[in-house]
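Structure first, then comments.
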Amino acid sequence: MPQGKPAQVPDDGLTTRQRRARPLVFVHTGPGKGKSTAAFGLALRAWNQGWPIGVFQFVKSAKWRVGEERALTVLGESGAGGTVTWHKMGEGWSWIKKAGAEEDHAADAREGWAQIRRDLAAETYRLYVLDEFTYPIKWGWIDVEDVVSALAARPGTQHVVITGRDAHPRLLEAADLVTEMTKVRHPMDSGQKGQKGIEW
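Quick note, in the working numbering, the sequence shown goes up one by one and the last residue is 391.
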């Protein structure tokens with residue numbers, strides 16, 4: 192987009208101002224690092240604009256204390272920008288695979304999605320960060336068609352960013368912006384463990 196001008200202007204009857212205010216769906220997917228990081232960067236911009244933000248984490252354990260949560264919670268409580276509400280859905284199914292617990296994780300994910308649907312209907316937030324949301328869709332716990340239809344029907348000016356690997360093709364079709372993070376090299380490839388300040 193040279194000089195911020197779009198390559199084409201759609202014939203949709205909207206003014207430039209209306210088109211600029213149109214709510215967006217973002218998908219950050221792919222095998223590379225940085226999908227959640229990019230979403231939380233977007234949340235910082237939203238906070239600065241005074242928008243209420245809802246973060247829904249679907250795979251990371253509720254016991255984890257991630258840096259983004261602390262930073263955004265402190266910012267949200269500061270009164271200098273938007274509010275931030277952080278929801279942790281389940282116990283981190285990717286890493287905690289207890290016998291017989293899969294249905295519990297699936298139920299947690301379904302309830303998390305039900306809460307998001309309620310919040311979308313009520314226009315609770317201006318930005319929704321659905322972190323690692325591609326996984327419960329991939330595992331069949333949440334119906335992708337239900338997600339696509341709910342996002343298409345959301346009222347107002349609510350933006351939604353979804354992160355995670357292996358995003359469903361229907362989700363990619365429905366999104367306004369899709370970014371694929373491609374891994375070229377990662378320290379874990381050579382046996383290095385994750386570290387504070389980098390992975391969490």
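Backbone N, C-alpha and C define an ideal beta-carbon position, used for all residues, glycine too.
Legend entry - Pair within 8 Å by beta-carbon distance, LEU263 and PHE231: yes
Legend entry - Nearest residue (CA-CA) to LEU362, options GLN199, PRO201, ALA198 and LEU215: LEU215
Inset, instruction - Grab the span of the alpha helix (DSSP H) containing TRP238 for me, first residue to last. - result: 226-239
Inset, instruction - Taking the CB atoms as reference points, tell me whether SER227 and ASP322 lie closer together than 8 Å. - result: yes
Legend entry - Pairwise C-alpha distance: GLN240 and THR206: 22 Å
Inset, instruction - Kindly indicate which three-state DSSP category GLY245 falls into: helix, strand or coil? - result: strand
Inset, instruction - Could you spell out where the alpha helix (DSSP H) holding GLU371 opens and where it closes? - result: Unbroken run through GLU371 is the beta strand (DSSP E), 368-371; no alpha helix (DSSP H).
Inset, instruction - Could you tell me if LEU318 is buried or exposed, where buried requires 16 or more neighbouring beta carbons within 10 angstroms of its beta carbon? - result: buried
Inset, instruction - Note the first and the last residue of the continuous alpha helix (DSSP H) segment covering THR325. - result: 325-329
Inset, instruction - Determine the closest residue to GLN306 out of GLY225, THR276, TYR326 and TRP330, with distance taken between C-alpha atoms. - result: THR276
Legend entry - Exposed unless 16 or more other CB atoms sit within 10 angstroms - verdict on ARG376: exposed
Legend entry - Range covered by the alpha helix (DSSP H) that runs through LEU215: Segment: none, LEU215 is in no alpha helix (DSSP H) and carries neither H nor E.
Inset, instruction - With DSSP collapsed to three states, give me the class of TRP391. - result: coil
Legend entry - Residue environment, VAL338, which counts as buried when at least 16 other CB atoms sit within 10 Å: buried
Legend entry - Status (buried if at least 16 other CB within 10 Å, exposed otherwise) for PRO327: buried
Inset, instruction - Any chance you could list the beta strand (DSSP E) runs of at least 3 consecutive residues sitting entirely within the region 297-360, in chain order? - result: 318-322 and 350-354
Inset, instruction - Using three-state DSSP, classify ILE287 as helix, strand or coil. - result: Caution is warranted here: a pLDDT of 47 is assigned to ILE287, below 50, making its placement in the model unreliable, and the coordinate value is therefore given only provisionally. Looking at ILE287 - three-state DSSP - the assignment turns out to be coil, as it is neither helix nor strand.
Legend entry - Top-ranked residue by Cα proximity to TRP398, from VAL369, GLY385 and ILE353: Because the chain is modelled from 192 through 391, residue 398 falls outside the range shown and cannot be assessed.
Inset, instruction - Pull up the CB-CB distance for GLY273 and ILE244, whole angstroms please, since I reckon it's below 8 Å. - result: 6 Å
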